[in-house]
Structures are given as structure tokens and as C-alpha cells.
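S.K.: Can you keep this structure in mind? I'll have questions shortly.
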Ligand code: GLC
Ligand code: CA
């Protein structure tokens, strides 16, 4: 087993806004892990599972109430605020837990339930016996009638008839917003506020990082109101906050206020009440969007969500320990959601649905992943409910909300590995049905399964954790016309994340207006694949059913290697009028005008024109040479271009396409001008874009054609015995590989590759030269040289214009293949449990490949090392100077690697940090050639 990763936890004072980046895991001590086999989860059990939680990738824990309690509301009915329920352990156990969590970089939020206590609490027992009107009696809210405050709704409508219950002892009614055994504390009594602050200090002194304020809108009551969100309640909260700011800076208050966004916002105050609050209305709307297959419920509620103060943060969630509350939707929306997600009436309770995430989504991995992606990328700190990371089920036959609080399913063993007690002794039974039972759904199996939900969650959380924009960035919706697609930007400083989700069960395409990001490359965040760069036109994406993408819109990344950007067409064309041949017209004044008015702008748009950054002074068509044969007039031509006093030559073969001919996109994209002959109109274009050009070039090579030009002779020379390969039928298929690179290449019949060199310079073209030499000397592993087109000028200087080579079908290049291979195995190691064997397999595969590469390269060097009459290829012995250069080069590259390592200051965890330190240790300086100076 690996040692647990211990990340360093900055103190709360140093990192006072830590909660903005919180990723919260909510759990119930009672149901997490039982260490002493009594059937009830406990703190020692939780401590033993902290590594699992840390490894999941969250950074904050939220514990359900663990205080002494009759547990009639599963612990929210507290009978002693300053102790631990004996079945869960001792205060000492709690402290040990807190330390152990902090050591793992996990912060801890506990419950501060102050709206009410259990009726078993000492304060209540004292109150009911105290004199009416006395301070002790007034710890709670009493009345002689049950008609007071009758504008107040009942929350637990399935069990409670009234918010008042008669106490025969006190001979009065007491007020309660929840169960009748949970009397509400009276916040009009200053002693109550003092008592509550005392409880708060007790836990904060111990070191807890945050407090969830349970049921906080109901603290104060006033006649004639609905008794929710009253200004007096906010006054109490400000008092609590002031105490935190004064004595516990860096600690956090999280409000549970099941209210509309504008009401919830009040709980942040001016940044002087709660630091965080749950976003209740967003939650059901995520389910609604899926049910209706329409993004509207989400965009709509987020538009209604006000800005919150800078030092505040939302907490967002899909599920929790309560029913999925539908209080914050309209009546008709509630009916719709009930019908969709709770057809079984037993799943309904109060105004909600008591189900876990996986059963709500019918175990559909696609929808579970989609909802989690929303959770992790919407503004706020995500809260994950324990067990949902493995897709745990529920048990709607259990009472109240117990069905979603069953024991965590650790393994397929007895009691799901939760406890070794007699199954009858468990606090709650495990889920045992055939779909969700612990034998099928458990953490242990999923840890071993690379494709499990658990592994997927770990991966997504790792991404979520490393991009602050998710927690802190702004939110901006894009509104593509396809409403089944939700698209939004999360932006922080210079980072822009694009999230796109298909909320429907069918594949969808979407066109996004990303023009403000033109030129940026979307890099998908899970796999790291680059997508084609964003352009001015709408960006087309397709998504599988319930598909989801997260992209970083990067400025630095290159687009994908396979991406061919569309050539940029000319903004507008001049029209050239033809009476006879194109060559004649271009040789006349029309050609001079074309070179003067059009060609500079045209070259500026060509990727192969390497002199774009220089100012172009003049251009001229140096010569025009018609390719022999064929109906179409195809002209080889070179442009002579003057830039900053330098002259260069560029190949631009020319031809025409007529409007009434069927044409592909490329000739249009590469057009220079319009042409008209009588009534017929067409375009003057780069002949390379026409299949006729490919055919005529090969035919000319096969026949050994020669063309006289004003600048010498163009010679088509086929390699000896390769003529047959160059003879291709006139209808053979042409595939353009790249029209816009320094060499424009195309493939004919899957057999011959024709490369047209764009930049024309005197001397042999190195590629032509090398290819010819290797072919002539029988090296079998490079493409065969089939022929070369060259111009011999009047002084006898040679210029390579094009080459034909055999086309080798291939699976891409070794470099990309190698990078892919390494990335894949890195990925594997990140998610899989450390497994030496798998690691070995990866290396083994690559070794074979590297050996093959080495052999091929060796054979090539054998050929190149042979004695020859050809001066350019005559071998030369490497001398000490050569060796010195190689050493220098290796040194420099090692240096760069060490420097990069030394510059990095933050590491994943201490283990990696130590390994890095070790790499930088002086002992490496003794490596032969390593330039690292200690
Ligand atoms: C909160 C809790 C819920 C509890 C209620 C009364 O809403 O989340 O579980 O029943 O308060 O304490
Ligand atoms: Ca126990």
C-alpha cells in the first residue's frame, strides 16, 4: 500500500477564503464505518476510512450531527451540545479524528443546530418546570394558545399538524418548526444567544473549520409574518459572525436556508453574516432540465441568482441526507418532477423525494456523470453525499429519510464491509437488492475497476481541484439555438473554461458563437485532446446522449496535428477577361496588374509563404509553362517576390475552373481572381487544387516531358524503372493532404505522392536528394523516389520544383505515437491502484517499438556509411569535435529538465516533493556529461 498522501494544510488565517475552493464530502458517522462491531458507525471507524476520502479528491468533510440525542430526528434532536453520542465514540475520539483529517489536508465542517433542541435537552426540561415569564422558561417559545403565528407554514407536513404542541408539565403550548419533540429556542432571550455562542466557541476552540447552521431562517418569530427570514434573525446571525471574526478568523459559517435565491442572498449580508449558503433552487432544476430535455430551468434560475459579496460562496449539491426537496419549485413543476422521478409513491415524503442520486437516474451512468459534471462546474463549492460516488442505492421502505442514510457499502463482504456485527444489530440495514446491493455496488470492487463510477469521480475531482476557475470564476451562459444544449463559460483571470452539456437522451449538435475567442484552441480537460481552433464562424460540436465536455480555451496550445485549417479566401476578386489562352493573357498587361494588385494580398494569406512578416515590395510572374497534354490549360509558374531588399521565388501553378463545372471547395478557397470568357465565368486558381494538375504532372514525369521557358528548361525525370508506377489512369483518385504547408502534397491512387515545393531555391532540394540516394542504394524503409521535376536555368543552375514518391500507407508518425503511448500509461497509473505488472507491460510494449525504430535507423546509417563517388554522401569520420557537440547538446537538454524541476515549488504531495528533491541532489552531478553543478 502506498503511504497516505499528506498534503500540507495552510492555516485558516493564512488561507481565509479556503471555503471558496472547498469540495465537500458529506457523511454520517453512524453509517460510515463501525470499528467495534456493535453495528453503529463511529469516530475510530471514520478515522480508518480517511485515506479513502482523501484519495477520492475532496478537501472538506461535513459531518451530520454526532451529539448525544434520542435520535428521533437522526441526531438533529440534540440533547447535549458539548459531547459526542456515546455510540459514536468520545470527545477524545473526535479530537483524534479532527487531527487525522487535518493531517490529510481535509477541513471539517460540523453541525450547529440552534433553531431547536431535543425535548430531552436539559434546557427544555428546566424550562417546562420554570416559572412562566422567567429567563429559564423563556429559553423556548411558549403560548397559551395554538393560534399564534398562524401565518407560518408547516415543514414536516406528513407528520405534523401544527407548529404548537401542548406541554402538560408547563401547561402551555411550545413552538416548533419541525417535529413536536424539537422545541424551538427563543432568540429574543439574550441568554439563549449567549448559550449558543458558548456552544460555538466550544467546537471552534477544538479546531473545527466550519459550522453548518441548520434551519437558520426560522430563528426569530414575529406576529403577522410567515416567520422566515426575519430581519431579527439576520441580526442574530450578524452577532454570531462578529464573534467568528473577532475570535476565530478563517472559520466558516454555512447557512442551510431552503429559500429563493433573493432571500438566501440575505444570509450573506454585506459579507458580514454567513460565508456560505446552499443554493437550494438550483438543485431541483438540474433534475428538471434532464426531465424536460431543456436547459431553460438551469439558465433561468442562474439568471435569477444575484451576485454575492466577494468573500462569500454558494454550496451546491445534487443530493443530501434529506429528501430531495421540491419546496423551491412551482406546484406544476413539483408535479412534473414527482411524476418523473418518484412514480412510486413511497419515494415521496413531505414536499420531496427520498431517493439517492443513482436510483433517481435509474443507474444510467451517462446521466449520473452528466449531473456530476454540472455539480462540479456550476458556480459554488460542490457537496458530494457519501455513497453517491459509487452509485449507492436507497431503501424507500425505511421510515422517514433513513432510506438515504443506510451504511456505506465498502465491500462485498458481510454487511457490505461496514460492520462485523450481527446483521440484525445494525443501526440501519444495508441495501441488499439485486441492482444496488453491496455485493454489486461497493467501494472495493470499484477501486479495482478502471471504468467504475468511483474512478471516474476521482478523475473529475482531480480536474476540478486543479482549476480555480470552477470555484472562483465568473459564470457566463452562451445561448446556442439548440436548447437541449447547455453551454457556459467559467472565467478567472486569464483562464477560460468552456462547459457544454447535452441534457437530452439523443445525440445533439450545437453551434456555439465563440468568435471572441478566435484563434484559441479548445483542449478537452479529461483526456487533454486538442480540438480545432476557434474561428470566426460558429463552432460546431456534436455530443452523444447526455454528453458533456469541459474545455480550456488555451492561447498557447497548438491545434490538433490532424487539423487542416480552411484556406482563407480573398475578400473580393478582380475580373480578368480572356479572349484566347490564359497563358497569353497573363503574359500581357493583365498579368502585370495581377502581380501588382492581387498577388501580394494573396501571398499574405498563404501559410506556405514564409515571408509574410516582411513588407512585400513587388511581385512578378517570372514565367508561365503549360503542362503538355490534357484539355485544361495548366500552367507552372514561379513568382518572383521582393521583400525588404531580398528576392525570393515561389511556385504557384495556375489554372481556371468554370462556374458551370462541378467543383470542390479547395479551388474556390484558393482562387485569385474571376475570369470571364464571353458569357462563361469562372475563377483563376492555384492549379494544385485541381485533380487534372496531379494527373498531368505524373503523366509528364512518366513521359519524360521537357518544357522550354523564358527562364530555362523544365525537365520531368522519372527514376529508372519507376515509370510504370507513375502511369495512372486519368480518372484515378486524388487525395489532397495539405494545400497550405511549405510543401503542398497530394496522393494519387493511394500509390504516388506528389509534393510541390513552394519555395524555389537553387541547388538540390535536400528531400529530393536524400530520397533519390536512399532509393538508388536499395534502402527499403523510406518512400521510393519515383521522379523529380526540376528547372535548369540558362546558366545551368538547377531548381527542384516537385518530387513524386511512393506513398506509404501509415498510422501516423512515431513521435506522436510515442507521446500518445506515454500519456495513456500516465493516465492509467493515475487512476489504477499501483500495479507493477501493468507498468511493466506498458514499458515492454514500448521497448519493442523502440527496438524496431532503432533497427531501421541503423540500417539507414549502414547505407549512408557506404563508400560512394557522390561527394555529397561520402562518409566522414566523426572526430572529437563532433562528440563534443553531441555531449553539449545532451547536457543542455538535461540542464533544461533540471531547471524546470528546480523552478517548480508546489507539489501534489510530500512524497513527490521528496522525490523531486532527490533528483536535484548533488549526486546527479557525477552523471557523465550531466552539467548539474551541485
Ligand atoms: C434540517 C436538516 C434535517 C432536519 C431538520 C430539523 O433541515 O437537514 O435533516 O430534520 O433540519 O433539524
Ligand atoms: Ca460502533
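Residue numbers (the working numbering): 42 to 975. By construction, the Cβ of each residue, glycine as well, lies at the ideal position given by its N, Cα and C atoms. If you're wondering where the values come from, they're calculated on a predicted model, not measured in any experiment.
(1) From the DSSP output, read off the bridge partner residues of residue 667.
(2) Sort 194, 224, 135 by Cα distance to residue 162 and report the nearest one.
(3) Rounded to a whole number of angstroms, what is the C-alpha to C-alpha distance between residue 754 and residue 801?
(4) Need the endpoints of the beta strand (DSSP E) that residue 840 sits in, please.
(5) Any idea what DSSP makes of residue 973, helix, strand or coil?
(6) Which residues bound the alpha helix (DSSP H) around residue 152?
(7) Please state whether DSSP places residue 53 in a helix, a strand or coil.
(8) Let me know the secondary structure DSSP gives residue 722 once reduced to three states.
(9) Could you work out which residue in 419, 375, 640, 268 is closest to residue 339 when comparing CA atoms only?
(10) Using CA atoms only, rank isn't needed, just tell me which of 583, 770, 412 is closest to residue 792.
(11) Tell whether a beta-carbon distance below 8 Å holds between residue 561 and residue 596.
(12) What would DSSP say about residue 993, mapped onto helix, strand or coil?
(13) Excluding sequence positions up to five away, which residues of its chain have a Cβ less than 6 Å from the Cβ of residue 563?
(14) Whole angstroms is fine: what's the gap from residue 958's alpha carbon to residue 282's?
(15) Which of the three DSSP states, helix, strand or coil, is assigned to residue 46?
(16) Count Cβ pairs between the region 885 to 892 and the region 804 to 818 that sit closer than 8 Å; are there 3 or more?
(17) At 4 residues or longer, what runs of the alpha helix (DSSP H) sit wholly inside the region 149 to 199?
(18) Please classify residue 856 as buried or exposed, where buried requires at least 16 neighbouring CB atoms within 10 angstroms.
(19) I want to check one thing, is the minimum distance from the CB of residue 445 to the heavy atoms of ligand 1 below 7 Å?
(20) Where do the ends of the alpha helix (DSSP H) carrying residue 61 lie?
(21) Put residue 308 into one of helix, strand or coil per three-state DSSP.
(22) What is the rounded straight-line gap between the Cα of residue 906 and the Cα of residue 809?
(23) At a threshold of 7 Å, does residue 201 count as lining ligand 1 (C-beta to nearest heavy atom)?
(24) Mind checking whether residue 842 and residue 692 have CB atoms under 8 Å apart?
(25) Taking residue 264 as the reference, which of 390, 722, 64, 192 has the closest Cα?
(26) Is residue 711 helix, strand or coil when you go by DSSP?
(27) Anyone know if the C-beta pair for residue 551 and residue 521 falls short of 8 Å?
(28) Just to confirm, are residue 694 and residue 757 a CB contact at a threshold of 8 Å?
(29) Hey, is the region 507 to 527 in contact with the region 535 to 546, meaning 3+ C-beta pairs nearer than 8 Å?
(30) With DSSP run on the structure shown, which of helix, strand or coil describes residue 635?
(31) Where does residue 225 sit, in a helix, a strand or coil, going by DSSP?
(32) Starting from residue 503, follow the alpha helix (DSSP H) in both directions and report where the run begins and ends.
(33) Between the region 48 to 64 and the region 462 to 481, do three or more beta carbon pairs fall short of 8 Å?
(34) Among residues of its own chain, excluding the 5 on either side of residue 56, which ones have a beta-carbon nearer than 6 Å to its beta-carbon?
(35) Here's a check: name, in chain order, each residue in its chain whose Cβ is nearer than 7 Å to the Cβ of residue 780, leaving out the five neighbours to either side.
(36) Which residues bound the alpha helix (DSSP H) around residue 144?
M.R.: From the atom records:
(1) 676, per the DSSP bridge assignment.
(2) Closest by alpha carbon: 224.
(3) For residue 754 and residue 801, the distance between alpha carbons rounds to 15 Å.
(4) Counting along the chain, the beta strand (DSSP E) containing residue 840 begins and ends at 839 to 847.
(5) Here the model assigns residue 973 a pLDDT of 42, short of 50, so the residue's position is not dependable, and the following value carries that caveat. Three-state result, residue 973: coil.
(6) Under the DSSP assignment, residue 152 falls outside any alpha helix (DSSP H), being part of the beta strand (DSSP E) whose first and last residues are 148 to 153.
(7) DSSP places residue 53 in coil when its eight states are reduced to three.
(8) In the structure shown, residue 722 sits in a strand (DSSP, three-state: E or B).
(9) The residue with the shortest Cα to Cα distance from residue 339 is 419.
(10) Of the listed residues, the one whose Cα sits closest to residue 792 is 770.
(11) Against a cut-off of 8 Å, the Cβ pair of residue 596 and residue 561 comes out as a contact.
(12) Absent from the structure is residue 993, since the part of the chain shown begins at 42 and ends at 975.
(13) Residues of the same chain with a CB within less than 6 Å of the CB of residue 563, apart from the 5 flanking positions on each side, are 572, 592, 594 in chain order.
(14) Going from the Cα of residue 958 to the Cα of residue 282 covers about 43 Å.
(15) Residue placement at residue 46 cannot be trusted, given a pLDDT of 38 that sits under 50; the coordinates are not used to answer.
(16) No: the two stretches stay apart, fewer than three of their Cβ pairs being nearer than 8 Å.
(17) List check, alpha helix (DSSP H) in window: 163 to 170.
(18) Per the 10 Å Cβ criterion, exposed.
(19) Outside the cutoff, so no.
(20) Where residue 61 is concerned, there is no enclosing alpha helix (DSSP H), given that its DSSP letter is neither H nor E.
(21) Three-state DSSP puts residue 308 in a helix.
(22) Taking the straight line joining both Cα atoms gives about 19 Å.
(23) Exclusion of residue 201 from the 7 Å shell around ligand 1 follows from its C-beta lying no nearer than that to any non-hydrogen atom of the ligand.
(24) A contact, by the Cβ cut-off of 8 Å.
(25) Here the closest residue by C-alpha is 192.
(26) The answer is coil: DSSP assigns residue 711 none of H, G, I, E or B.
(27) Contact flag set, yes.
(28) Taking a C-beta distance under 8 Å as the contact criterion, residue 694 and residue 757 do not qualify as a contact pair.
(29) Touching, yes.
(30) Three-state result, residue 635: helix.
(31) The answer is strand: DSSP assigns residue 225 an E or B state.
(32) Counted as a single uninterrupted DSSP element, the alpha helix (DSSP H) harbouring residue 503 occupies residues 494 to 507.
(33) No contact exists between the region 48 to 64 and the region 462 to 481.
(34) Nothing meets the Cβ criterion.
(35) The residues are 608, 707, 711, 729, 730.
(36) Per DSSP, residue 144 belongs to the alpha helix (DSSP H) from 132 to 144.
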